[in-house]
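In what follows, a single structure is set out as structure tokens and then discussed.
Residue numbers (the UniProt record's numbering): 1 to 515.
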């Protein structure tokens, strides 16, 4: 069958069709409740918003005279000198941004899905349910990264038959570098229109101001983590994509974008360079830039498939129903080697997800000998903690697997409990010393969640910077310390989170709302 338009464009327009069927009240409700906190692998389920309703009027009645408010960060070290920082903003400012987006939702959709674009986004943050059209889905965009990147790759492979070259690039330090005024420009359609509005009559300028005063009146950066930030990022980059497409209307190229990552099909190397140069020029106008070290041009079919996936595929456990302990060890070490070769690709999380069946049962088979089984269980737990040291962001996945092992092997809990407790206590001290509030929050949550009996958190966490972190304070005191003057409840005790396993909450391929 002859395909009239590219598959990537078809995907983009199908997404638009489903999004336009969503009631804007449902979208606002999803953004306020499911979308407020970062993904479930960043913060434990104690951090959940409770019944956050869209009000008839904004909290901040006078946009011209906003109070300076602070972001609340949570971070883990990426390297000796850099941290990966997520943050939440004051719920009153967050609500008001949603309020203005809701009031102009049709205009927002027109900005997100421009008619004249040749760069098609695969990262719409509002989830759709194709089986129940008109209903908001359950996935978060970050949770769809595996599914959507694979979908984009598959579509590109088919569309690539009309081209000879593939260019790849991404934006340097995107979220932290966003110039908030440029959000207003993108929504208005031009810098000049937004600039002339000195009275904040335009809703884009209202959003710009609310973003600034969520972050101590700063104009650089939007918080990483919320679905709202992802939506704002899409608004901004859709505008950039449209401008690039119009400027290169006569050039034969096709591109997809997943968040700040671009893949471009062209017929000549010069065409690829021209597209990259044009994207770079448009980004420079709003204080953004492409990452030269991650910019490459390939002669097709090179570049269509991710090398870490190719290397891992022969060892994948996805189609395996049972995994021997020896196979687990062997595959773990292979995944670790690939992770070290291609850091930041999520291969370890993929490996962890493949250790579970669809109903979240552990595939790993332990020895029937009690003595051997106990040794393998402790070895399993130890290996998981060691792998976590290689990639900080895997901590939630590691703890979800340890929860399964601990709760499903009741015969050995008397021995496993002090073993896990001892490791968690040591890891808490290490996390405090290396300034990782992320680790500390998860370890305190996990300790209380499965009842390890650790009570001396203050003596284990001696780093004042970490102990004063608001998320850490919530966990230590078991009380809400997040924007407590806002009247919005943002915390619940770990004991109130039981009933749904961590593995279900973290499921990569079937993400649920925060429960």
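Glycine residues also receive a C-beta, built at the ideal position from the N, C-alpha and C atoms.
**Asked** So does the segment 154-173 actually touch the segment 254-269, counting three or more Cβ pairs closer than 8 Å?
**Response** yes
**Request:** Starting from residue 84, trace the beta strand (DSSP E) both ways and give me its first and last residue.
**Result:** Your numbering for residue 84 matches position 84 in the chain shown. Its beta strand (DSSP E) spans residues 83-88.
**Message:** Strictly by DSSP, which residues pair up with residue 265?
**Reply:** As a working mapping, residue 265 is identified with position 265 in the chain shown. DSSP output for residue 265 lists 166, 254 as bridge partner(s).
**Item:** Helix, strand or coil at residue 179 according to DSSP, with G and I counted as helix
**Value:** The residue given as residue 179 occupies position 179 in the chain shown. Residue 179: strand per DSSP, three-state reduction.
**Message:** Just to confirm my understanding: we take residue 452, look at its own chain, exclude 5 residues before and 5 after, and list those with CB closer than 7 Å. What are they?
**Reply:** Indexing the chain shown from 1 puts residue 452 at position 452. Result list for residue 452: 417, 420, 421, 424, in chain order.
**Prompt:** Alpha carbon to alpha carbon, how far is residue 116 from residue 235?
**Reply:** Residue numbering aside, residue 116 sits at position 116 when the chain shown is read from its first letter. Residue numbering aside, residue 235 sits at position 235 when the chain shown is read from its first letter. Each residue's alpha carbon lies about 15 Å from the other.
**Message:** With H, G and I counted as helix, E and B as strand and the rest as coil, what does DSSP make of residue 76?
**Reply:** Reading the chain shown from its first residue, position 76 is the one you call residue 76. DSSP places residue 76 in strand when its eight states are reduced to three.
**Item:** Straight-line gap, residue 245 to residue 119 (C-alpha atoms, nearest Å)
**Value:** In the chain shown, the residue the question calls residue 245 occupies position 245. In the chain shown, the residue the question calls residue 119 occupies position 119. Rounded to whole angstroms, residue 245 to residue 119 spans 7 Å at the Cα level.
**Request:** Can you check DSSP and say which residues form a bridge with residue 364?
**Result:** In the chain shown, the residue the question calls residue 364 occupies position 364. DSSP output for residue 364 lists 323 as bridge partner(s).
**With 16 other Cβ atoms within 10 Å as the buried cut-off, status of residue 466** = Here residue 466 refers to the residue found at position 466 of the chain shown. Per the 10 Å Cβ criterion, buried.
**Cβ contact check for the segment 311-323 and the segment 351-358: 3 or more pairs under 8 Å** = yes
**Item:** Rounded separation between residue 78 and residue 486 - CA only
**Value:** For the purposes of this step, residue 78 is taken as the residue at position 78 of the chain shown. For the purposes of this step, residue 486 is taken as the residue at position 486 of the chain shown. If I take the Cα positions, the gap works out to 32 Å.
**Asked** Since residue 298 is in the beta strand (DSSP E), which residue starts that stretch and which ends it?
**Response** The residue labelled residue 298 in the question sits at position 298 within the chain shown. Per DSSP, residue 298 belongs to the beta strand (DSSP E) from 296-299.
**Message:** Excluding the 5 residues flanking residue 405 on each side, which residues of the same chain have their C-beta closer than 8 Å to its C-beta?
**Reply:** Here residue 405 is taken as the residue at index 405 of the chain shown, counted from 1. Counting only Cβ-Cβ distances below 8 Å, and skipping sequence neighbours, we find 362, 377, 380, 381, 416.
**Item:** Cα-Cα separation between residue 86 and residue 374, rounded to whole angstroms
**Value:** Within the chain shown, residue 86 is the residue found at index 86, counting from 1. Within the chain shown, residue 374 is the residue found at index 374, counting from 1. So the two alpha carbons sit approximately 38 Å from each other.
**Item:** Close Cβ partners of residue 19 (< 7 Å) along its chain, the five nearest in sequence each way excluded
**Value:** Translated into the one-based positions of the chain shown, residue 19 becomes position 19. So the list reads 109, 124, 126, 128, once near-sequence residues are dropped.
**Item:** Short Cβ contact (7 Å threshold) for residue 59 with residue 96
**Value:** To locate residue 59, count along the chain shown from 1; it is residue 59. To locate residue 96, count along the chain shown from 1; it is residue 96. Closer than 7 Å, so yes.
**Prompt:** Quick one, which of 112, 399, 390, 471 has its alpha-carbon nearest residue 243's?
**Reply:** In the chain shown, the residue the question calls residue 243 occupies position 243. The shortest C-alpha separation from residue 243 is found at 112.
**Euclidean distance between Cα positions of residue 156 and residue 334** = Your numbering for residue 156 matches position 156 in the chain shown. Your numbering for residue 334 matches position 334 in the chain shown. Rounded to whole angstroms, residue 156 to residue 334 spans 28 Å at the Cα level.
**Nearest residue (CA-CA) to residue 260, options 183, 122, 384, 387** = What you label residue 260 is simply residue 260 of the chain shown in a count that begins at 1. Closest option to residue 260, Cα to Cα, is 122.
**Asked** What do you get for residue 497, buried or exposed, if any count of 16 or more other CB atoms within 10 angstroms of its CB means buried?
**Response** Taking the first residue of the chain shown as 1, we reach residue 497 at position 497. Buried: at least 16 other Cβ atoms inside 10 Å.
**Message:** Going by DSSP, what residue range makes up the alpha helix (DSSP H) through residue 447?
**Reply:** For this step, residue 447 is matched to residue 447 along the chain shown. Residue 447 -> alpha helix (DSSP H) spans 437-450.
**Asked** To the nearest whole angstrom, what separates the beta carbons of residue 472 and residue 500, a pair I think is in contact under 8 Å?
**Response** Taking the chain shown and counting its residues from 1, one reaches residue 472 at position 472. Taking the chain shown and counting its residues from 1, one reaches residue 500 at position 500. Not confirmed; about 24 Å, so no contact.
**Asked** When DSSP labels each residue in this structure, what does residue 128 get in the three-state scheme?
**Response** Against the chain shown, residue 128 aligns to sequence position 128. In the structure shown, residue 128 sits in a strand (DSSP, three-state: E or B).
**Separation of residue 11 from residue 130, as counted between CA atoms** = Walking along the chain shown from the start, residue 130 turns up at place 130. Walking along the chain shown from the start, residue 11 turns up at place 11. Rounded to whole angstroms, residue 130 to residue 11 spans 12 Å at the Cα level.
**Message:** Closest to residue 171 by C-alpha separation, out of 291, 90, 8, would be which residue?
**Reply:** Counted from its first residue, the chain shown places residue 171 at position 171. For residue 171, the nearest C-alpha among the options comes from 291.
**Request:** Return the chain-ordered list of same chain residues with a C-beta closer than 7 Å to the C-beta of residue 228, the five sequence neighbours on each side being excluded.
**Result:** On the chain shown, residue 228 is found 228 positions in, with the first residue counted as 1. These residues qualify, in order along the chain: 31, 35, 94, 97, 98.
**Asked** Thinking just about the alpha-carbon of each residue, which of 168, 204, 199 is nearest to the one in residue 181?
**Response** Locating residue 181 in the chain shown gives position 181, where the first residue counts as 1. Taking only the C-alpha atoms, the option nearest residue 181 is 204.
**Prompt:** In this structure, what does DSSP give as the bridge partners for residue 136?
**Reply:** One-based indexing of the chain shown puts residue 136 at position 136. BP columns for residue 136 point to 128.
**Prompt:** Exposed or buried, which one is residue 175 when buried takes at least 16 other CB atoms within 10 Å?
**Reply:** Within the chain shown, numbered from 1, the residue matching residue 175 stands at position 175. It counts as buried.
**Request:** Note down the Cα distance separating residue 133 from residue 330, rounded to an integer number of angstroms.
**Result:** Looking up residue 133 in the chain shown gives position 133. Looking up residue 330 in the chain shown gives position 330. Approximately 44 Å, taken between the alpha carbons.
**Prompt:** Can you find a heavy atom of the ligand GTP that lies under 6 Å from the Cβ of residue 453?
**Reply:** Ligands in the displayed structure: none, and consequently the ligand GTP is not present.
**Message:** Contact defined as beta carbons within less than 8 Å: I believe residue 332 pairs with residue 394. What is the distance between those atoms, to the nearest angstrom?
**Reply:** Taking the first residue of the chain shown as position 1, residue 332 is located at position 332. Taking the first residue of the chain shown as position 1, residue 394 is located at position 394. Actually they do not touch by this definition, with Cβ atoms about 12 Å apart.
**Asked** Closest by CA to residue 206, which one among 183, 433, 223, 215?
**Response** What you label residue 206 is simply residue 206 of the chain shown in a count that begins at 1. It is 183.
**CB-CB length for residue 160 against residue 71, believed under 8 Å** = Locating residue 160 in the chain shown gives position 160, counting from the first residue. Locating residue 71 in the chain shown gives position 71, counting from the first residue. Not confirmed; about 41 Å, so no contact.
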